[in-house]
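Trainee: If you read the protein sequences in the order shown, they are chains A and B. FYI, the numbering for the first sequence is 1 to 108, going by my numbering. FYI, the numbering for the second sequence is 1 to 108, going by my numbering. What follows is a single structure, and I will ask about it in a moment.
2 protein chains.
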Amino acid sequence: MSGKTFLGEFEQMVLLAILQAGDSANAYEIRKELEQSAGRTVSKGAFYTTLDRLEKKNYLSWTLKRAEKGRNGLPQRHFDVSPAGMRELRRSRDALRNLWRDGVLESR
Amino acid sequence: MSGKTFLGEFEQMVLLAILQAGDSANAYEIRKELEQSAGRTVSKGAFYTTLDRLEKKNYLSWTLKRAEKGRNGLPQRHFDVSPAGMRELRRSRDALRNLWRDGVLESR
DNA sequence: CCTTTAGGTCCACAATGTAGACTCATGTGA
DNA sequence: TCACATGAGTCTACATTGTGGACCTAAAGG
């Protein structure tokens, strides 16, 4: 067994929020998705810091696009989870799934 | 929305491993469960440090019991997830569940 | 103008994750 | 009886993540 590092929980959530946002994965939508799912506020600091770290680890990428609505013509970043990011997400999910198996949370 | 802190991912896994171990939730079994699910080694340092922190937060408790087998009569700690710990586990799971909804990991 | 909304950067610090050395007490086999 | 091996546990130190908040810029709309 290796000493592999895990994707942090918040990082995991940011990546998942990007996936959920899909085509409209810009900063605003992602953060909104995140706050709704987590049921709490996500400060800009926490949010962008995490995006940067994920980018450094090559778990996400982004491209500039012109906004259709809202900011007239101003470009905005559109985020995507990289293949490596997808792999990490699956890995994390599988580990938790194993531990959650047999409805261990329900049976008490 | 509040600025509530989350249960870290490793902490989450330790609590779940305790639940999975059930009646035989002693250090050895818990660690074994953990390593199997995560597919990697868990050092003693990481393990006990996390147990201590979880105890400080009142997410787990333990009682001394005489071991049946293995260490002749030497007492060993038996761990339990506290009600507060169960609550946190559910909270974490629900947040991730929301983000994993619609099989977002499968559809790509 | 002034305020609101959105996107970002920077900084600092708190909370978590993790390894490894070092004890101590058996149980076991040579 | 002495050397291991095994399991429980402590302590230290450092790396990685999580998080808030001050600041800045550029529109959009009174």
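Even for Gly, the Cβ is constructed at its ideal location relative to N, Cα and C. No experiment lies behind these values; they were computed from the predicted model shown.
Determine the direct distance from the alpha carbon of A/Lys-65 to that of B/Ala-38, and round the result to whole angstroms.
Mentor: Cα to Cα, the separation comes out at about 39 Å.
Trainee: Using a beta-carbon distance cut-off of less than 8 Å, what residues from the region 9 to 24 of chain B approach chain A?
Mentor: Under the 8 Å Cβ criterion, the region 9 to 24 of chain B contributes Glu-9, Phe-10, Gln-12, Met-13, Leu-16, Ala-17, Leu-19, Gln-20.
Trainee: Excluding sequence positions up to five away, which residues of its chain have a Cβ less than 6 Å from the Cβ of B/Ala-17?
Mentor: Here the set comprises Ile-30, Glu-33, Leu-34.
Trainee: Just the chain A side, please: which residues come within less than 8 Å of B/Ser-61 by C-beta, in chain order?
Mentor: Going along chain A, no residue has its Cβ under 8 Å from B/Ser-61, so there is no contact; the nearest lies around 14 Å.
Trainee: By alpha-carbon positions, which one of A/Leu-15, A/Glu-9, A/Asn-26, A/Ala-46 ends up nearest to A/Pro-83?
Mentor: For A/Pro-83, the nearest C-alpha among the options comes from A/Leu-15.
Trainee: Once you ignore the five residues that flank B/His-78 on each side, which residues in its own chain have a CB closer than 8 Å to its CB?
Mentor: Taken in chain order, the residues that qualify are Ala-25, Asn-26, Trp-62, Thr-63, Leu-64, Lys-65.
Trainee: Starting from A/Ser-61, follow its DSSP beta bridges and name the residues at the other end.
Mentor: A/Asp-80, per the DSSP bridge assignment.
Trainee: Please list the terminal residues of the continuous alpha helix (DSSP H) segment that includes A/Ser-24.
Mentor: Where A/Ser-24 is concerned, there is no enclosing alpha helix (DSSP H), given that its DSSP letter is neither H nor E.
Trainee: Output, in chain order, the set of chain B residues within a Cβ distance shorter than 7 Å of A/Leu-99.
Mentor: What A/Leu-99 touches in chain B: Met-13, Leu-16, Ala-17, Gln-20, Ser-37.
Trainee: Starting from A/Thr-109 and walking both ways along the alpha helix (DSSP H), at which residues does that stretch end?
Mentor: Coverage of chain A is limited to positions 1 through 108, which leaves residue 109 of chain A absent and any answer about it impossible.
Trainee: Ignore the nearest five residues each way along the sequence and tell me which others in B/Gly-85's own chain have a CB closer than 6 Å to its CB.
Mentor: Here the set comprises Leu-15, Tyr-59, Leu-60.
Trainee: Quick check: the Cα distance between A/Phe-10 and B/Pro-75, rounded to an integer number of angstroms?
Mentor: Taking the straight line from one Cα to the other gives about 39 Å.
Trainee: Just checking my contact of A/Met-13 with B/Ala-95 at CB under 8 Å: how many whole Å lie between their CB atoms?
Mentor: Yes, A/Met-13 and B/Ala-95 are in contact; Cβ-Cβ is about 7 Å, under 8 Å.
Trainee: B/Arg-53 versus chain A: which residues are under 8 Å apart at the beta carbon?
Mentor: Within chain A, no residue comes near B/Arg-53; the closest Cβ sits about 15 Å away, beyond 8 Å.
Trainee: Can you pull the DSSP bridge partners for B/Ile-31?
Mentor: Note that residue 31 of chain B corresponds to Arg in the displayed sequence, not to Ile. B/Arg-31 is not bridged to any residue.
Trainee: Checking 8 Å against the spacing of the C-beta atoms, do B/Val-81 and B/Leu-19 come in under that value?
Mentor: Yes, these two residues count as a Cβ contact at 8 Å.
Trainee: Take A/Thr-50 and list the residues in its own chain whose beta-carbon comes closer than 7 Å to its own, dropping the five residues that flank it on each side.
Mentor: The residues are Phe-10, Glu-11, Val-14.
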